[in-house]
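Here's the structure we're looking at; comments come further down.
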Amino acid sequence: HVKHGGKMVPFAGYAMPVQYSSLGLGASHLHTRQHASLFDVSHMLQSKVHGPDRVRFVESLVVSDIEGLVDDSGTLTVYTNEKGGIIDDLIVNKTRDFLYVVSNAGCRDKDLAHVKAKLAAFQSSGGQATLELMESWSLLAIQGPAAAELLQPLVDCTLTSLHFMRGATVTLGGISGCRITRCGYTGEDGFELSVPSTDVTSLAEEMLSRSGGRLQLAGLGARDSLRIEAGLCLYGQDIDEETTPVEAGLAFTIGKRRRQLADFPGASVILDQLKQKPSRRRVGLISTTAGPPARCGAAVYDSTGSQKLGLVTSGIPSPSLGSNIAMAYVPREHSAVGTNVQLEVRGRRIEAAVTRMPFVPSHYYMG
1 HVKHGGKMVP
11 FAGYAMPVQY
21 SSLGLGASHL
31 HTRQHASLFD
41 VSHMLQSKVH
51 GPDRVRFVES
61 LVVSDIEGLV
71 DDSGTLTVYT
81 NEKGGIIDDL
91 IVNKTRDFLY
101 VVSNAGCRDK
111 DLAHVKAKLA
121 AFQSSGGQAT
131 LELMESWSLL
141 AIQGPAAAEL
151 LQPLVDCTLT
161 SLHFMRGATV
171 TLGGISGCRI
181 TRCGYTGEDG
191 FELSVPSTDV
201 TSLAEEMLSR
211 SGGRLQLAGL
221 GARDSLRIEA
231 GLCLYGQDID
241 EETTPVEAGL
251 AFTIGKRRRQ
261 LADFPGASVI
271 LDQLKQKPSR
281 RRVGLISTTA
291 GPPARCGAAV
301 YDSTGSQKLG
311 LVTSGIPSPS
321 LGSNIAMAYV
331 PREHSAVGTN
341 VQLEVRGRRI
351 EAAVTRMPFV
361 PSHYYMG
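Here it is as structure tokens:
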């Protein structure tokens, strides 16, 4: 990263590039939307769950229907606590032989303690499942409309047949046994590439050199602005253990079969919110007057400015829209699209309105 001009910052116990000298944050963001960018996301926690009862074990932790997934497909899901709060968000991919799980670096210690404690109890009651941490594997994400075109020459499978949230074990750049998943954190088409750490630098260099400049390295700064435009949550900011998936707009992760069985942690709270509607919701906000962007922690008021409604959880000046955008939790009665609000930024009030998310159209590849 440093060789390529990466400006390194501490993140979740790692030194991570926030941006690169070749492109500013805004330019890197737009390059991803127009071409493709390569992100090193090796700080994410990769693991495999093995054993004949692996699906039953993982379903005891999450809200989604893992049993209903076809082989080589995956889903976004959440670990929940007994109050219905979100312990972490994660991707679970189902293969014929194991479950492949990717979760957040910032929650690594908490997640491992939670999963290992639940696994010990599961095993002591006769459940057959084991956890394998993929400590010697790295993770790259190639994101953007040119991602498939740039990746195809390096991989021994036909990417047009690999739809959004589908995965495959492939030979990638001559490296056998790699795992690719068509997903990402930008709202664009793209792939996450799980590669042995011994090979990841040479693979990244080859991908960059073959692209003729169309593929650029991108860091945490662009990753954050891209995911906000896509309306995607960051754990610890937009979701936490006091937030339920219903409040967060993540009810789609709760499988129909799981709703009927009501057998996931916090099911009584979450199912009641699905039926009665939650008292607050995560919404998108777009500024309707000029001014500085509202950042995490900015107060949200009603249109008269007299009633405090909640707090902004994420906010940026949107490179794609040229407007300031944010996400916030507000009471349900103030959550309808078009509702006017005021944001308190640097001691002044900025007019804004509730808007649909994603803020920019997503381009997930559905075939």
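Each residue of the sequence shown is one higher than the one before, starting from 1 at the first, in the UniProt record's numbering. Quick reminder that beta carbons are idealized off the backbone N, C-alpha and C, glycines included.
Check                                                                                                                                                    : Outcome
On a CA-only basis, which of 36, 78, 52, 60 is nearest residue 243? Give me that one, please.                                                            : 78
Could you tell me the alpha carbon to alpha carbon distance between residue 307 and residue 140, rounded to whole angstroms?                             : 45 Å
Return the bridge partner residues of residue 32 from the DSSP annotation.                                                                               : Its beta-bridge partners do not exist; DSSP assigns none.
Can you check DSSP and say which residues form a bridge with residue 167?                                                                                : 181
Counting only the same chain and skipping the five closest in sequence on each side, list residues whose C-beta sits under 8 Å from that of residue 336. : 354
Would you tell me roughly how many angstroms separate the C-alpha atoms of residue 210 and residue 155, rounded to the nearest one?                      : 13 Å
By the 10 Å Cβ neighbour count, where 16 or more other Cβ atoms means buried, how is residue 338 classified, buried or exposed?                          : exposed
Tell me the rounded alpha-carbon separation between residue 301 and residue 342.                                                                         : 5 Å
Return the CA-CA distance between residue 104 and residue 27, expressed in angstroms with no decimal places.                                             : 26 Å
Identify the residues that DSSP records as bridge partners of residue 50: which are they?                                                                : 130
Whole angstroms is fine: what's the gap from residue 109's alpha carbon to residue 92's?                                                                 : 18 Å
In the DSSP assignment, what residue or residues form a beta bridge with residue 142?                                                                    : 38, 191
What residue does the alpha helix (DSSP H) around residue 135 start on, and which one ends it?                                                           : Note, residue 135: premise wrong, no alpha helix (DSSP H); not H, not E.
Between residue 194 and residue 233, what straight-line distance do the alpha-carbon atoms span, to the nearest angstrom?                                : 22 Å
If you draw a straight line from the C-alpha of residue 128 to the C-alpha of residue 41, how long is it?                                                : 31 Å
By Cβ distance below 6 Å, which residues in the same chain neighbour residue 130 in space, the five residues on each side in sequence not counted?       : 50, 51
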